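**Student:** Just so we're aligned: the sequence shown equals residues 4 to 260 in this note's numbering.
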Amino acid sequence: MSRWSRRRAGRNALLPLLLLALALGGAALVLASLNLLLTTTTWGQNLCQGQVHQQLQQQQQVLPIQEPRADAQIFFQNVWEKHQFLFEKLREERSRQRRSANRRNRNSKNKSPILAAHYEVKLSKGGTQMNADSDGSILYWSEVPRNSTSPLKYDDGNGEFTVTHKGLYYLYCQVHFNEDRSSYIKLDLFLDNNLIFRCLQEFSATVASIGDPKRKTCSVSGLVIVTPGSLLRIRTLPRAVVKVEPYLTYFGLFQVH
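1. Taking DSSP's pairing of strands, which residues face THR152 in a bridge?
2. With distance defined between alpha-carbon atoms, name the residue in ARG149, PHE164, LEU126, THR131 nearest to LEU118.
3. Could you have a look at LYS189 and say whether DSSP puts it in helix, strand or coil?
4. Would GLN180 be called buried (16 or more neighbouring beta carbons within 10 Å of its own) or exposed?
5. Going by Cα to Cα distance, which pick from ARG107, PHE200, TYR172, LYS189 is closest to LEU240?
6. Within 10 angstroms of its Cβ, does TYR1 collect 16 or more other Cβ (buried), or is it exposed?
7. Looking only at its chain, what residues have a beta carbon closer than 8 Å to the beta carbon of PRO231, apart from the 5 residues adjacent to it on each side?
8. From the DSSP output, which residues share a beta bridge with PHE206?
9. Determine the closest residue to ILE237 out of LEU93, TYR172, GLY162, TYR122, with distance taken between C-alpha atoms.
10. How about PHE200 and VAL223: do their beta carbons lie closer than 7 Å?
11. From this set, SER186, ARG99, LEU174, which residue's C-alpha is nearest PHE254's C-alpha?
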């Protein structure tokens, strides 16, 4: 083989080696570039996360932490459950309002005075019998102490009761007579000169029991609305003889509303 042939064969053998070296160098360069790119990306992500974490810490320092509301954590399976929940809440609220209203009403009732009064005839010189005046008015009424506030003011000069508290009242009055001069007895109750209640009993002159005082009792009672300044007066026959024991002759009232 000639020298030229040997040189050519040597060059042909070196060519694959050079190509292999170039390929390996290129691969190494590509791997190095990828490694640098991954390192740069990871560093950038860490830097961004650090900045975000720092911003969150600053916001937490500035703004107070708010706890989640208990009622905000309620989840409903369907609309029916939501309606049931709202209905129960509404019923509880109404029950609470009713309880509060009842407590206020009880407190107001406890603070409000009881308006009532009971009167009996008290004679200055004692005794158990008296006469009505010339127009039939029964005088000398005296209030019996009670655990209440009287809605009336009595004037002993003319026998009139003046109303001081308005309202709906139940009135009652009874008068026991010891009268044998008349064939009848009566008891009238006037409000502002208007007759509102009357008791009238008539007796025959031939009845043997006409002189029995137990048969001569008149009483009236009923509801009446009065206003402050109204006048009440109790009347009977002029100069009629009246028994004034406390359990026989009395007058009173109490507020209903």
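By construction, the Cβ of each residue, glycine as well, lies at the ideal position given by its N, Cα and C atoms.
All values reported here derive from a predicted model rather than from experimental measurement.
**Tutor:** In short:
1. LEU118
2. ARG149
3. strand
4. Checking the sequence shown, residue 180 turns out to be Phe, not Gln. Buried, because 16 or more other Cβ atoms sit within 10 Å of the Cβ of PHE180.
5. LYS189
6. Residue 1 cannot be examined here, being either before or after the span of the chain that is shown, 4 to 260.
7. VAL166, THR167, HIS168, LYS169
8. Partner(s): none; PHE206 has no beta bridge.
9. GLY162
10. yes
11. LEU174
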